[in-house]
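Q:
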Amino acid sequence: MLQSIRNAWKIEDIRKKFIFMCFILLLYRLGNAVPVPYVNTAELTGFFQTMRNTVLGLYNVMSGSAFSQATIFALSIQPYINASIIIQLLAVAIPALERMMKEEGEEGKQKMERITRYTTLAIALIQGYGYYVLLKNGYSDAYGAQHQLLTSSGPWTAIVIIASFTAGSCLLMWMGEQITEFGLGNGISIILFVSIVSRFPNQLITMVQNVVYGTATWWSQLLLLIGVLVLIVLIIVVNDSERRIPVQYAKRVVGRKMYGGQSTHLPLKVNMSGVMPIIFAQSIASLPATIASFVPAWRDGWFVKAFNTNTVLYMVIYFLLIVFFSYFYSTIQFNPIEIANNLKKNGGFIPGFRPGKPTSEYLQKVLNKVTLFGAVYLGIIALAPLIVGALMPNAANISFGGTSIIIVVGVALETVRQVEAQMLMRHYKGFLE
Numbered sequence: 532m533l534q535s536i537r538n539a540w541k542i543e544d545i546r547k548k549f550i551f552m553c554f555i556l557l558l559y560r561l562g563n564a565v566p567v568p569y570v571n572t573a574e575l576t577g578f579f580q581t582m583r584n585t586v587l588g589l590y591n592v593m594s595g596s597a598f599s600q601a602t603i604f605a606l607s608i609q610p611y612i613n614a615s616i617i618i619q620l621l622a623v624a625i626p627a628l629e630r631m632m633k634e635e636g637e638e639g640k641q642k643m644e645r646i647t648r649y650t651t652l653a654i655a656l657i658q659g660y661g662y663y664v665l666l667k668n669g670y671s672d673a674y675g676a677q678h679q680l681l682t683s684s685g686p687w688t689a690i691v692i693i694a695s696f697t698a699g700s701c702l703l704m705w706m707g708e709q710i711t712e713f714g715l716g717n718g719i720s721i722i723l724f725v726s727i728v729s730r731f732p733n734q735l736i737t738m739v740q741n742v743v744y745g746t747a748t749w750w751s752q753l754l755l756l757i758g759v760l761v762l763i764v765l766i767i768v769v770n771d772s773e774r775r776i777p778v779q780y781a782k783r784v785v786g787r788k789m790y791g792g793q794s795t796h797l798p799l800k801v802n803m804s805g806v807m808p809i810i811f812a813q814s815i816a817s818l819p820a821t822i823a824s825f826v827p828a829w830r831d832g833w834f835v836k837a838f839n840t841n842t843v844l845y846m847v848i849y850f851l852l853i854v855f856f857s858y859f860y861s862t863i864q865f866n867p868i869e870i871a872n873n874l875k876k877n878g879g880f881i882p883g884f885r886p887g888k889p890t891s892e893y894l895q896k897v898l899n900k901v902t903l904f905g906a907v908y909l910g911i912i913a914l915a916p917l918i919v920g921a922l923m924p925n926a927a928n929i930s931f932g933g934t935s936i937i938i939v940v941g942v943a944l945e946t947v948r949q950v951e952a953q954m955l956m957r958h959y960k961g962f963l964e
């Protein structure tokens, strides 16, 4: 592995991309330490200690603790992810957007990107205002004492805070696009990866402190670490698993040459949608916290408590969202009718099925089964740590462990594949050995 990394570093183009990516990520981490004006960060940290097992705590995890410190990147990439979800859903429902996405080529892709950016700006403004309202209203502790989260009030304070949050979110979207274009891997996914990984050292320290102070036993923390390793192994195994559908090509004569006659297969990945259903499901499941921030009476009431990460309602909704987005994303990626038509045009067929509609129906049936297995797998991986966290309150924020691990492993594997592809193009064996 070290030799492979060394080979990748020797390639000038990959080395430049890696250095550029690290530079952008460094700017991101520096921005995570710059708080917006007029916010009492000490009181805000205390407030988020009480919201650790809620969706607000989940927002904080996805932002790399920037949300609990009210930094310029507090909204993280959530507005962009929400905008992407909205646009993709609208593309399915609105024919004009669907044609723009599929038929207009590169120009249509650029139009969709511009629409997504404008939608991100609008969502960032809404979420920034919601966060400002949350800060403005403050909170009451367990003893009934009122705590103020702002050091100043007034229209100018509101404008500065909302503008800072919105600008930070848009800047982060731009940084992610720069990584995608000039760096390695998908920029948005890598930023999310760095946000989650940055919290791991603190979680390990918390686990050690739990053992030292006697709030948790050493064997329970050891079991948690073993469970994390098992999750990583399971994610890697399933991530590389696929269902192979045999395809036979008929022989045909073109001029004086004969083509076809060979047997191959059509691979269907078990986890075709990758990490996206988890990210999308998290974004949707976090919306109640945003809604509650507009209504102070709801923030400490049943509405937010019903959507705590350790409640049955949240787990059921989270699981159903994962299943829904797994099917949604696989439908976007794999079109059985289009695949069947391409096979028919090229003289290919699946043994036992006639070309055309029978082939597309068979592909759809197999796709549904494979997607269901992948969706249930994602749901189990995401919910198992939530259940453990509900049963073990001192589990060092393990309620976010499954989601965090599956995102980290998924993004890492996808980035490594892209590096492999670039090295293969340059005739390096690298990671393939």
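So the working numbering is basically just the index in the sequence shown, starting at one, shifted up by 531.
Cβ atoms here follow ideal geometry from the backbone N, Cα and C, with glycine treated the same way.
What separation, rounded to the nearest whole angstrom, lies between the Cα atoms of L756 and K800?
A: Distance between the alpha carbons of L756 and K800: 28 Å.
Q: What are the boundary residues of the alpha helix (DSSP H) that V847 is part of?
A: 843–864 is the span of the alpha helix (DSSP H), which, as asked, contains V847.
Q: With a Cβ-Cβ cutoff of 8 Å, do T697 and L762 count as a contact?
A: No, they are not a contact pair.
Q: In terms of residues, what are the limits of the alpha helix (DSSP H) holding R560?
A: Where R560 is concerned, the enclosing alpha helix (DSSP H) stretches over 543–562.
Q: I'd like to check one pair, V806 with I938: are the Cβ atoms closer than 8 Å?
A: Yes, the pair counts as a contact, with Cβ atoms nearer than the cut-off.
Q: Counting along the chain, where does the alpha helix (DSSP H) carrying L723 start and finish?
A: Looking at the DSSP string, the run of the alpha helix (DSSP H) that includes L723 is 718–728.
Q: Could you give the DSSP three-state label for L680: helix, strand or coil?
A: Correct three-state label for L680: coil.
Q: Leaving out five residues on either side along the sequence, give the residues of the same chain with a beta carbon under 7 Å from the beta carbon of T711.
A: The answer, listed in chain order, is N717, G718.
Q: Give me the Cβ distance between Y559 and V725, rounded to the nearest whole Å; I'm assuming they're in contact under 8 Å.
A: Between V725 and Y559 the Cβ distance is about 7 Å, and since that is below 8 Å, they are a contact.
Q: Could you tell me how far apart the beta carbons of S804 and G905 are, in whole angstroms, since I believe they sit closer than 8 Å?
A: Contact holds; Cβ gap of about 7 Å.
Q: Could you give the C-beta distance for I809 and L909, rounded to a whole number, given that I count them as a contact under 8 Å?
A: About 6 Å; that satisfies the 8 Å criterion.
Q: Within 10 angstroms of its Cβ, does N899 collect 16 or more other Cβ (buried), or is it exposed?
A: That one is exposed.
Q: Taking only beta-carbon atoms, is V847 less than 8 Å away from chain D?
A: Included in the structure is just one protein chain, with no chain D present.
Q: Quick one: Cα of K896 to Cα of W705, how far?
A: C-alpha separation (whole angstroms): 40 Å.
Q: Which of helix, strand or coil does DSSP assign to Q779?
A: Q779 falls in the strand class under three-state DSSP.
Q: If F579 sits next to N591, beta carbons under 8 Å apart, how far is it from one beta carbon to the other, in whole angstroms?
A: 6 Å between Cβ atoms; contact.
Q: Taking C-beta to C-beta, are S594 and S607 nearer than 8 Å?
A: It is a contact, given that the beta carbons lie within the stated cut-off.
Q: Where do the N-terminal and C-terminal ends of the beta strand (DSSP E) with L797 fall, by residue?
A: Unbroken beta strand (DSSP E) run through L797: 794–800.
Q: Name the DSSP bridge partner or partners of S671?
A: Paired residues: Q677.
Q: Have a look at Y893 and S935 and give me their C-alpha separation to the nearest angstrom.
A: Going from the Cα of Y893 to the Cα of S935 covers about 35 Å.
Q: Would you identify the three-state DSSP class for R648, choosing helix, strand or coil?
A: Reduced to three states, the DSSP call for R648 is helix.
Q: Does the beta-carbon of S861 have 16 or more other beta-carbons within 10 angstroms, so that it is buried, or is it exposed?
A: Looking at its Cβ environment, which holds 16 or more other Cβ atoms inside 10 Å, S861 is buried.
Q: Taking the Cβ atom as the reference point for each residue, do L680 and E574 lie within a distance shorter than 8 Å?
A: Yes, these two residues count as a Cβ contact at 8 Å.
Q: Kindly list the residues whose CB is nearer than 6 Å to the CB of A927, restricted to its own chain and excluding five residues on each side of it in sequence; keep chain order.
A: Its pLDDT being 47, under 50, A927 is placed unreliably in this model, and the value from its coordinates should be taken loosely. For A927, where only same-chain residues beyond five positions count, the Cβ hits under 6 Å are Q734, T737, M738.
Q: By a C-beta neighbour count over all protein chains shown, 10 Å radius and 16 as the cutoff for buried, is F713 buried or exposed?
A: That one is exposed.
Q: Could you tell me how far apart the beta carbons of G699 and F604 are, in whole angstroms, since I believe they sit closer than 8 Å?
A: Confirmed, about 5 Å.
Q: I need the DSSP call for T602, collapsed to helix, strand or coil.
A: The answer is strand: DSSP assigns T602 an E or B state.
Q: How many Å lie between E773 and A622 at the Cα?
A: Cα to Cα, the separation comes out at about 28 Å.
Q: So, helix, strand or coil for F904, using DSSP?
A: Of the three classes helix, strand and coil, the one that applies to F904 here is helix, per DSSP.
Q: Look up V570 in the DSSP assignment and give the residues it is bridged to.
A: Answer is L681, bridged to V570.
Q: Buried or exposed, going by whether 16 or more other CB atoms sit within 10 Å of the CB of S720?
A: The residue is buried, with at least 16 neighbouring Cβ atoms inside 10 Å.
Q: Counting Cβ pairs, one atom from each stretch, are 3 or more of them under 8 Å apart for the region 637–650 and the region 680–691?
A: No, the region 637–650 does not touch the region 680–691.
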